[in-house]
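Single-structure report; data block below.
In the numbering used here, the protein residues as written are 21 to 340.
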């Protein structure tokens, strides 16, 4: 299926530093709408430029052609992606030619390293995105998935008592500045809007052009689509990774419907009772084919079995 890039536009192409050769990646932007007086799940489908790229020389994160001490900055959070497998993990340390990371690699695997986007870079150091400011009880809240729950970040307007400077804060973390809080590129985030009006948020950055693999656990997993354009369910390849079943008995893909609710999709191999045809279906929609429905920028997978992984394919003809 020929798919056109439908976000407002790829703006320019930019050169970036590589451990081996210069690399060119597109940049672009997309707009997400946080619905008034509700929680909106969304993904940030753009990110920072590539800081380093190359190939690993051993079954560890070592590249003898690199100088990570020249390419990476101390005090900045980075994520390394194994382009060969699609998996990604945090960089927790580095020397000239090696990374400290939990990422599984093999000799010859290609990689890219990017600085993490942060609350401040996404929404503005002074909340230029226009989220509702206030205190922990009145401000809009950005919910960022963590290993054990969520970080709840809001913009404190500094009004009231006790006197305090304005800035990004986390619920339960006092006056600590949270502008540098990382937003993992694999994660879907929630914006809890406490204002009545909808808010359009524009995300600008570099586009990833390779498939990404995500680890998922039992229960709900909130995921970033990563691709900077809507892709039809039938083109995602998700059916190769999720548990199948009729009438939603298998894993469910929860995709925001743009109106504050969710469409719940599942994949069936067909058969069963009542009889179903093979393909993507929606809970409550009978046997209607839903393979042409668009996967939202951020979505959830409700995993009903054991932990595993999923990957969203780069569809043939996707024009990046």
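Note that CB positions come from ideal geometry on N, CA and C, so glycine has one too.
Shown here for residue 147: same chain residues with a beta carbon closer than 7 Å to its own, the five before and five after excluded, namely 153, 175 in chain order. Residues 322, 323 of the same chain have their beta carbon placed closer than 8 Å to that of residue 239, with the five preceding and five following residues left out of the count. The criterion of a C-beta distance shorter than 7 Å is not satisfied by residue 59 and residue 88. In the three-state DSSP reduction, residue 71 falls in the strand class (E or B). Counting along the chain, no beta strand (DSSP E) covers residue 140; the unbroken alpha helix (DSSP H) around it starts and ends at 139-143. By the CB criterion at 7 Å, residue 50 and residue 242 fall outside the cutoff. In this structure residue 65 is in contact with residue 246, their Cβ atoms being roughly 6 Å apart against a cut-off of 8 Å. Distance from the CA atom of residue 279 to the CA atom of residue 61, rounded to whole angstroms, is 11 Å.
Ranking 282, 214, 212, 213 by CA distance to the CA of residue 314 puts 282 first. Contact between residue 67 and residue 85 does not hold, since their C-beta atoms are separated by about 24 Å, which reaches or exceeds 8 Å. Counting along the chain, residue 91 sits inside the alpha helix (DSSP H) bounded by residues 88-91.
One alpha carbon belongs to residue 307, the other to residue 274, and they sit about 18 Å apart.
Looking at 106, 121, 149, the one whose alpha-carbon comes closest to that of residue 129 is 106.
Shortest Cα-Cα distance from residue 54 to any of 302, 212, 71, 77 involves 212. The shortest CA-to-CA distance from residue 197 to any of 119, 134, 138, 316 is the one to 138. Assignment of beta-bridge partners to residue 52 by DSSP yields 221. Between the segment 163-174 and the segment 200-210 there are three or more inter-stretch CB-CB distances shorter than 8 Å, so the stretches are counted as touching.
Annotation: residue 301 to residue 249 spans about 22 Å, alpha carbon to alpha carbon. Between residue 330 and residue 262 a beta carbon distance of about 7 Å is seen, short of the 8 Å cut, so the two are scored as contacting. In the structure shown, residue 279 falls within a coil segment according to DSSP collapsed to helix, strand and coil. By the beta-carbon neighbour count (other beta carbons within 10 angstroms, threshold 16), residue 94 is exposed.
With 16 or more other CB atoms across the displayed protein chains lying within 10 angstroms of its CB, residue 259 is buried. Taking all protein chains shown into account, residue 326 has fewer than 16 neighbouring C-beta atoms within 10 Å of its C-beta and is therefore exposed. As far as DSSP is concerned, residue 123 takes part in no beta bridge.
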